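Same order as they appear, the protein sequences are chains H and L.
Per our numbering, residue 1 is the first one in the first sequence, and the count goes up by one each step.
Per our numbering, residue 1 is the first one in the second sequence, and the count goes up by one each step.
Beta carbons are placed, not taken as given, at the ideal position from N, Cα and C, and that holds for glycine.
No experiment lies behind these values; they were computed from the predicted model shown.
Worksheet for the structure shown next.
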Amino acid sequence: MKPSRFDSTVLTLCFAFLYIPIIILIVYSFNASKLVTVWGGFSLEWYKVIWSNQGLMDAAWVTARVGMLSATLGTILGTLAALTLVRFPRFPGRVPFTGMIYAPLVMPEVITGLSMLLLFVAMNIDRGFWTVTIAHTTFTMCYVAIIVQSRLLTFDRSLEEAAMDLGCPPVKTFFRITLPLIAPAIISGWMLAFTLSLDDLVIASFTTGPGATTLPIKIYSQVRLGVTPEINAICTILIGFVTIGVICASISSKRTELRRIRDEHDAIRAAT
Amino acid sequence: MAEISAPTHRSPARWLVVAIPYIWLVLFFAAPFFIILKISLSDTAIAMPPYTPVFQGFGDIGSFFGGLDLDNYSFLAEDPLYLDAYLSSLRIAFISTLLLLLIGYPMALAMARAPSTIRPTLMMLVILPFWTSFLIRVYAWIGILKPEGLLTLLLQTLHILGPDDQVQIYRTDWAVFIGIVYSYLPFMVLPLYAALEKMDGTLLEAASDLGCPPWKAFWRITFPLSLPGVIAGSMICFIPITGEFVIPDLLGGASTLMIGKTLWTEFFGNRDWPLASAVAVLLLLALVVPIVIFQNQQRKVT
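And the structure:
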């Protein structure tokens, strides 16, 4: 069906609304003028300025470490949670479990952040790198669980059954059959978890401690003082980083998808 | 629900799959809510942590219950500032959700009606801004909306505004609405699109064959069938918007009262942890109904 004029207009306007502010931000990060509304020519000066800002670099390093670690832990826990949701249809306490998976997705961050902090204080844990990591793991695992769950729901169980009929033990079946097949979902889950952690200001502000200032906390404290080209430059680097990651992931997932379809065809042809 | 095959191998390893995420969530997601509830019932103390201990072993259960009181809650009830902040949060969340529906619905519909070859690209374009930082996207609007910002510049160049006039949007509720709609649009569009995309096109053809005008067919067929998407999208947006902090803080003015901002100020500004906890408990209570609707909706999907 050819898109109507109404549809094309709607799509153009909405995408313009979504993208123009980001494009403006990127363009003005290359502005030579210190004033945000005056174009003073192309310059990479602000990138040099942030490169030599030690505090900012430290924050970026903390954020990267928290992101990697919490995304990895969150992916492991989230995958287990997804398996629980799909493969264990009945067990005592299933309803509260599904509740605990879905609630963090919509829970206002101020509540999650405050409650986490109070838990750490009650447990007498020093706040810092590890508390932020635990907090991020907890909310990212739920996103991973949803992504992996949707893949498991369309999963062809006969492949697993075939392996087990041939005498493969369940744990081995999981690692040799199930895991490779759901790997694309797990990878995109990890990436989402990593970006969510990279992005988070509110929960990190509550659960952080001395020496564990993350990049969003740093950016936020500067944003409050006003718009500056340095922040535009940091934001551009972050946007570039994430965009490249997302594009690579979507290309690789398309490739594995194509390969999977081809393999299935080959298998069917070989079988008949 | 996937088909249920009887578990043939009952190894303890199977139960670890359930137990590990379960224990993690109970410890780090459910337990903190009980702590928040307890601390909201304790007294402020100038110390670190800044509240009187609520629970010290099982030895003195009596004094434990004796120490709990509703002082923080009665304080919240007496000060009209907090009630105003609640009502204002709910109002802003409600209006924003309506605006999101008004913009997101036509967008999702246009996407669902687009040729199937370009649909994945459109999906990608909706999701991509969601991957870039929330904070950055809100920040981008400050440069546009502030009085000496780019919008003023654009309107002055187009001679819509006089050279001395400035756009007065930044630090008002309008800026908050723009920021919210901008940040939450993908969350609204995706569930709507999912509902609209799997709709059976032959239903609309049948309606038009029987002489039903397109607008009527939309109201009688398309819209009712997309209701699950409308509910899911509205809940996904309404619940977090009610507790939103970053957007009202960066774009809103002094008169923009939102409960997330109040909680943040009580906690970081006034260091009143028990009061902040009481605010959180009440916010959570206000959101119980939408959260339950959301979860039932999700459970039906899976």
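- Thr207(H) has its alpha-carbon roughly 7 angstroms from the corresponding atom of Gly113(H).
- Contact between the segment 178-190 of chain L and the segment 243-257 of chain L is present, with at least three C-beta pairs closer than 8 angstroms.
- When secondary structure is reduced to three states using DSSP, Asn232(H) falls in the helix class.
- Excluding five sequence positions before and after Phe94(L), the CB atoms of its chain that fall closer than 8 angstroms to its own CB belong to Phe238, given in chain order.
- Here Phe91(H) carries a coil assignment [DSSP, helix/strand/coil].
- The beta carbon of Phe194(H) sits closer than 6 angstroms to the beta carbons of Gly67, Ala71 from its chain, once the five residues preceding and following it are set aside; these are given in chain order.
- In chain L, no part has a C-beta under 8 angstroms from the C-beta of Cys248(H); the shortest such distance is about 12 angstroms.
- Contacts between Gly143(L) and chain H, judged by CB atoms closer than 9 angstroms, involve Pro21, Ile24, Leu25, Tyr28, Val36, Thr37, Val227, Asn232 in chain order.
- The shortest CA-to-CA distance from Asp43(L) to any of Ala278(L), Pro274(L), Gln295(L) is the one to Pro274(L).
- Taking a Cβ-Cβ threshold of 9 angstroms, none of the residues of chain L is close to Cys168(H); the smallest such distance is about 11 angstroms.
- A direct Cα-Cα distance of roughly 10 angstroms separates Thr137(H) from Thr131(H).
- With a 10 Å radius around the Cβ and a threshold of 16 neighbouring Cβ atoms, Glu264(H) comes out exposed.
- No Cβ of chain H is located within less than 9 angstroms of the beta carbon of Val230(L).
- Within 9 angstroms of the CB of Leu161(L), no CB atom of chain H is found; the nearest one sits about 14 angstroms away.
- Taking 9 angstroms as the upper bound on Cβ-Cβ separation, chain H lies near residues Pro186, Val189, Gly201 of the segment 186-202 of chain L.
- Taking 9 angstroms as the cut-off, the beta carbon of Val17(L) is found closer than this to the beta carbon of Arg87(H).
- The Cβ atoms of Pro191(L) and Ala232(L) sit closer than 9 angstroms to each other.
- The continuous alpha helix (DSSP H) containing Phe33(L) extends over residues 31-40.
- In the DSSP annotation of this structure, the continuous segment of the alpha helix (DSSP H) that includes Tyr47(H) starts and ends at 45-51.
- Per the DSSP secondary-structure output, Asn296(L) pairs with nothing in a beta bridge.
- Counting only Cβ-Cβ distances below 7 angstroms, Gly260(L) has contacts in chain H at Pro108, Val110, in chain order.
- Burial of Pro216(H) is indicated by the presence of at least 16 other C-beta atoms within 10 angstroms of its C-beta.
- In this chain, the alpha helix (DSSP H) harbouring Thr195(H) covers 179-199.
- Around the CB of Cys248(H), fewer than 16 other CB atoms lie within 10 Å, so the residue is classed as exposed.
- Its chain contains Ile259 as the residues whose beta carbon lies nearer than 6 angstroms to that of Tyr86(L), once the 5 sequence neighbours on both sides are disregarded; these appear in chain order.
- When Cβ-Cβ separations below 9 angstroms define contact, Phe75(L) makes no contact with chain H.
- By DSSP's assignment, Phe17(H) forms no beta bridge with any residue.
- The continuous alpha helix (DSSP H) containing Pro80(L) extends over residues 80-113.
- By alpha-carbon distance to Phe245(L), the top candidate from Gly229(L), Ala280(L), Pro228(L), Pro224(L) is Ala280(L).
- Following the DSSP letters along the chain, one finds Trp15(L) inside the alpha helix (DSSP H) bounded by residues 12-25.
- Per the coordinates, the alpha-carbon of Val246(H) lies some 24 angstroms from the alpha-carbon of Ala81(H).
- Each residue's CA atom was taken as its position, placing Ile237(H) and Ala270(H) some 49 angstroms apart.
- DSSP places Gln168(L) outside any alpha helix (DSSP H), giving it a letter other than H or E.
- DSSP, read as helix, strand or coil, puts Asn72(L) in helix.
- Taking the beta carbon of Asp199(H) as reference, the chain L residues within 9 angstroms of it are Trp131, Thr132, Ser133, Phe134, Leu135, Ile136, listed in sequence order.
- Membership of Val138(L) in the alpha helix (DSSP H) is indicated by the continuous run 134-145.
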